[in-house]
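The sequence shown begins at 1 in our numbering and counts up one residue at a time.
C-beta atoms are modelled at their ideal positions from N, C-alpha and C, and glycine is treated no differently.
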Amino acid sequence: MRRPDDREETVQLRATVRSLARRYGRSYWLAKAQAGEAPEELWRDLAQAGFLGLTVPEEYGGMGCHLELLSVLIEELSSEGVPLLMLVLSTAMAHLVLARYGTPEQKEAHFPALLRGEARFCFAITEPDAGSNSFNIRTLARRQGDVFSITGQKVFITGVDQAQYILLVARTMRLQEVKDKRQGMAMFIVPTAADGLQMVPMDIRILAPERQFQLFLDHVTVPVANMVGQEGQGVDILFDALNPERITVAATAVGLGLYALAKAVDYARRRVVFGVPIGAHQGLAHPLAIVATELELAALMARHAARLFDENADRRTVGAYANMAKYAAAEAAIQAVDLAMQVHGGTGFTGEADIITLWPLVRLFRTAPISREMVLNYIAEHFLGLPRSY
């Protein structure tokens, strides 16, 4: 959807992405999701169009680091019913971490294949006993000469079966060994084919091409050169990964909300009861107008947060607006899908209507990648300056 503040490059991007998404269509995405297969053909076309370079520095063949433009792309794909979570994990999180903190050798090793669509990253931080409390992770990376040996467990890791590499968060020192919980946090590039890495699918009932896995790491060794950034930078790197995650998840949620809203509006125009279209009744027209407003507000907040990130604004400022965007987008998308089901009545629960199929993924965004409650805690503490509540 074109917006008044769209620059010419943004208008062109929207049109090109919309055309590509419609060429594949929702039916393609549904078939891949139901089969649990990666949408490889679409990913290759995104690469050939240069879109995977939106977050790659120009000196490495990309278009520069433009989180705002990537967010527009993600929103547009999602608004056509073709959301791709690997764009969040790889093209947003991994690309931008490598761009800001990667060594020249790491960039030269990974950006060419990422640009060609031949490689992808996933992201691994969550553990059975460390969800929102990330500093409690137990996965340990011990240096042994010129390698790190990594042992631990991760859960709810999205798309590892589609990725060639993992951006993995681990501790180089146990929590009990440090005075400040931020000490010892580090990020590593781990090949998914590494010896000692086991991937176990999880039974997650969400319709999407990306599956969830548990990871078991048993003395997985990676070169010291696979550490991202310097010792002691782990927390900064982490938040420069998590803020783009919040922003691009917000863009995904907005897009899916717009997809559901478009279906609801179309049905409300066509469905005639008692001689008039049901959309003529304020009981439906007003809720639809409210959802449209909430989605637009969330989209603008996501764009604002992305611009702040692109401008290298203060990390806490970016974090506040990224969390606001994620909160607003998730709630608006949930409201949009719920209303679309209500507008359709019983039809909204059929596979043919393709609305109930949206619900699990959209509802997920209230809980993940960070819960609504933790989002509000962050805003209260870092934006409002209220005392920490936990």
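### Query
What's the C-alpha gap between V97 and P387?
Numbered from 1 along the sequence shown, position 97 holds the residue referred to as residue 97. Numbered from 1 along the sequence shown, position 387 holds the residue referred to as residue 387. Their Cα atoms are separated by approximately 30 Å.
### Query
What does R142 pair with, by DSSP beta-bridge criteria?
Along the sequence shown, read from residue 1 onward, the residue named residue 142 stands at position 142. In DSSP, R142 forms a bridge with S149.
### Task
For the beta strand (DSSP E) holding D218, just list the boundary residues, first then last.
In the sequence shown, the residue the question calls residue 218 occupies position 218. Segment 212-223, the beta strand (DSSP E) holding D218.
### Query
With burial defined as no fewer than 16 other Cβ atoms inside 10 Å of the residue's Cβ, what is the status of Q48: buried or exposed?
Taking the first residue of the sequence shown as position 1, residue 48 is located at position 48. Result: exposed.
### First through last residue of the alpha helix (DSSP H) which encompasses L364
Mapped onto the sequence shown, residue 364 falls at position 364. Note, L364: alpha helix (DSSP H), 359-367.
### Query
Taking just the CA atoms, how far does M93 sit from V56?
Residue mapping note: residue 56 aligns to position 56 of the sequence shown, counting from 1. Residue mapping note: residue 93 aligns to position 93 of the sequence shown, counting from 1. In a straight line, the C-alpha of V56 is about 11 Å away from that of M93.
### Message
Taking the beta carbon of P104 as the centre, do at least 16 other beta carbons fall within 10 Å, making it buried, or is it exposed?
### Response
As a working mapping, residue 104 is identified with position 104 in the sequence shown. Under this definition P104 is an exposed residue.
### Query
Start and end of the alpha helix (DSSP H) containing Y165?
Counted from its first residue, the sequence shown places residue 165 at position 165. Taken as a continuous stretch (DSSP letters only), Y165 belongs to no alpha helix (DSSP H), being part of the beta strand (DSSP E) at 165-171.
### Query
Thinking just about the alpha-carbon of each residue, which of L364, L284, V155 is nearest to the one in A264?
In the sequence shown, counting from the first residue as 1, residue 264 sits at position 264. The residue with the shortest Cα to Cα distance from A264 is L284.
### Query
Any chance the region 335-342 sits against the region 253-271, with 3 or more Cβ pairs inside 8 Å?
yes
### Query
Under 9 Å, do A322 and A268 count as touching if we go by C-beta distance?
The residue given as residue 322 occupies position 322 in the sequence shown. The residue given as residue 268 occupies position 268 in the sequence shown. Not in contact: A322 and A268 (Cβ atoms no closer than 9 Å).
### Query
Taking C-beta to C-beta, are A333 and G257 nearer than 9 Å?
Within the sequence shown, the letter at position 333 stands for residue 333. Within the sequence shown, the letter at position 257 stands for residue 257. Yes, the Cβ-Cβ distance between A333 and G257 is below 9 Å.
### Task
Just the C-alpha distance for R211 and V276, rounded to the nearest angstrom, thanks.
The residue given as residue 211 occupies position 211 in the sequence shown. The residue given as residue 276 occupies position 276 in the sequence shown. When rounded, the distance between both Cα atoms is 44 Å.
### Query
Fully enclosed by the region 267-347, which alpha helix (DSSP H) runs are 4 residues long or longer?
282-310, 315-344
### Message
Whether or not the region 17-28 and the region 191-199 are in contact is what I'm after, with contact meaning three or more pairs of Cβ atoms, one per stretch, closer than 8 Å; do they touch?
### Response
no
### Message
By the three-class DSSP mapping on this structure, what secondary structure does I189 have?
### Response
Numbered from its first residue, the sequence shown carries residue 189 at position 189. It is a strand residue.
### Query
Is the region 142-159 close to the region 66-75, with three or more CB pairs under 8 Å?
no
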